[in-house]
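Residues are numbered in our numbering as their position in the sequence shown, beginning at 1, plus a constant of 58. To start, the structure itself, in structure tokens.
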Amino acid sequence: SVTLSLLQSAANAFDFGGPVLCDAHHYGEGHINDTFVVWREDHSKRFILQRINTDTFTNPVGLMENVCGVTRHLRAKILAEGGDPARETLNVIPTLSGSTCYLDADGGAWRAYDFVEDTICLQQVGSEADFRTVAETLGKFQNQLEDYPASTLHETIARFHDTPNRYANFEKALAADALGRAKNITSEIEFIHAREQDCHVLLDQLAAGEIPLRVTHNDTKINNVLIDAATGKGICVIDLDTVMPGLSAYDFGDSIRTGANDCAEDEPDQSKVHFDLHLYEVFAKGYLSTAGASMSIAEKKSLAWGARLMTLECGIRFLTDYLEGDHYFHIARPDHNLDRARTQFTLVRQMEEVFDQMLEIVCPDNH
Ligand code: ATP
Ligand code: MG
Ligand code: MG
């Protein structure tokens, strides 16, 4: 936990243009970093101050190089398009000594951003219009980063969406069966084994040069997009910790996995799990309206695979953690990770049933 004095000493390291007031209550609903709001003493301006989770992100300096590089690039694009760079991208506040982050005496790493005012941050898909807005905003983000040199980015989490590697890790956990849980999951094991070839589809297309390596966000949940409170327009893509070289199918797919259904990620009752093809279509149209122009037919088709594979991969990760004893994902009940895995697999099965339609939606008449 973060004490007020620790927070205050971190805040004192940044160039906020004067002293700031701290509040030790966490702000927002992030699950990875510790997020706080600090105000200038005269209340003229507030900022986001975050302690980076260095268990997850072991190289915070490299991570901040990514964030600074990407936001600098976005700022130039937004200016060229006549937008407002103060609101439409994160703006990193440097430390008083000119660094991008502050390393505290306990080994913590901190960073600060301007607070993007007058926005809303949705936790769930409330309306089709909002989901479309999120899609447009993420598509635009991808488009603005089209010419960013992906190879200069640090890989902040190694092999994040390397699905064959996730499969291999599952196989290792299964072979070890450290807690004797494999006997409880024979049908799930069968489900995964039947899809070993699927795990390779996207990386094979990349290796064959059929789809491009891009700069991707890799955590495209709706609460990582801020929406203008007055107009309902998409404003700013936030939470850039996992910006890395990747595939558009990853970002598209993870949004579909998390947004195009009506259930909680850990829904235990599989009869309540429904992949929503209509919401998929809503998202696809929004995304392609901003990102589609630069995408080939093959890349558009890869988006449908992204939905399937990001969901399969996530289920594989939950089940791997179940086999290994629930070390990675926090659990609130026994079999929590098993429920999570089953929910993902139910979604995968439903996507498979309508996969031809999913392809047609992202690539109508092969265009
Ligand atoms: P996640 O669980 O999605 O990985 P996280 O722990 O990495 O989240 P962030 O998404 O960076 O944390 O921030 C948490 C929340 O704080 C956001 O969902 C948003 O509500 C708010 N927030 C973050 N940055 C800003 C900002 N610059 N302006 C306004 N609100 C912000
Ligand atoms: Mg977030
Ligand atoms: Mg995050």
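All C-beta atoms in this analysis are idealised placements derived from N, C-alpha and C, irrespective of residue type, glycine included.
- Considering only I269, G75, E323, N282, the residue with the shortest C-alpha distance to K103 is G75.
- Counting of Cβ neighbours within 10 angstroms places Y225 among the buried residues, the total reaching 16 or more.
- Within 10 angstroms of the beta-carbon of K358 lie 16 or more other beta-carbons, which makes it buried.
- Each residue's CA atom was taken as its position, placing A342 and H336 some 10 Å apart.
- Judged by DSSP secondary structure, G120 falls within the alpha helix (DSSP H) whose first and last residues are 118 to 138.
- C179 is positioned such that its CB atom lies no closer than 8 Å to that of R169.
- Counting along the chain, the unbroken alpha helix (DSSP H) around P143 starts and ends at 143 to 146.
- Within the same chain, Cβ atoms closer than 6 Å to the Cβ of F333 are found at N319, L405, Q408, M409, the five residues on either side in sequence being excluded.
- Using a cutoff of 7 Å, the CB of N281 counts as near ligand 2, since one of the ligand's heavy atoms is closer than that.
- Sorting E325, R272, C294, L396 by C-alpha distance to the C-alpha of M302 places R272 at the top.
- For C80, the enclosing beta strand (DSSP E) stretches over residues 78 to 80.
- Taking all protein chains in view, the Cβ of L62 is surrounded by fewer than 16 other Cβ atoms within 10 Å, so the residue is classified as exposed.
- A residue is called buried when at least 16 other Cβ atoms come within 10 angstroms of its Cβ; A236 does not meet this threshold and is exposed.
- With a beta-carbon spacing of about 13 Å, T274 and D220 fall beyond the 8 Å limit used to define contacts.
- Burial check for A287: the Cβ neighbour count within 10 Å stays below 16, so the residue is exposed.
- DSSP places C294 in the strand class (E or B) of the three-state scheme.
- Taken through DSSP and simplified to helix, strand or coil, L260 comes out as helix.
- Placement of the Cβ of T93 at a distance of less than 7 Å from at least one heavy atom of ligand 1 is found.
- Shown here for F228: same chain residues with a beta carbon closer than 6 Å to its own, the five before and five after excluded, namely I374, T378 in chain order.
- DSSP, read as helix, strand or coil, puts M302 in strand.
- A heavy atom of ligand 1 is found nearer than 7 Å to the CB of C179.
- Ranked by Cα distance from T191, the options D299, N242, G292 are led by G292.
- Rounded to whole angstroms, the gap between the alpha carbons of Q66 and N91 is 17 Å.
- Relative to Q182, the option among P222, G350, N281, V259 whose CA is nearest is N281.
- Within the model, the alpha-carbon separation for A365 versus H425 is close to 19 Å.
- Secondary structure note for V192: its alpha helix (DSSP H) is the uninterrupted segment 186 to 202.
- Assignment of beta-bridge partners to Y171 by DSSP yields I106, V150.
- Between V174 and the set E248, A144, Y206, the nearest pair of CA atoms involves A144.
- The three-state secondary structure of F218, taken from DSSP, is coil.
- Excluding sequence positions up to five before and after W363, its CB lies within less than 7 Å of the CB of V259, L260, A307, all in the same chain and listed in chain order.
- DSSP links F333 through a beta bridge to N319.
- Residue nearest to R109 within the set G165, A187, L381, K330 is G165 (criterion: CA-CA distance).
- For T93, the uninterrupted beta strand (DSSP E) segment begins and ends at 92 to 98.
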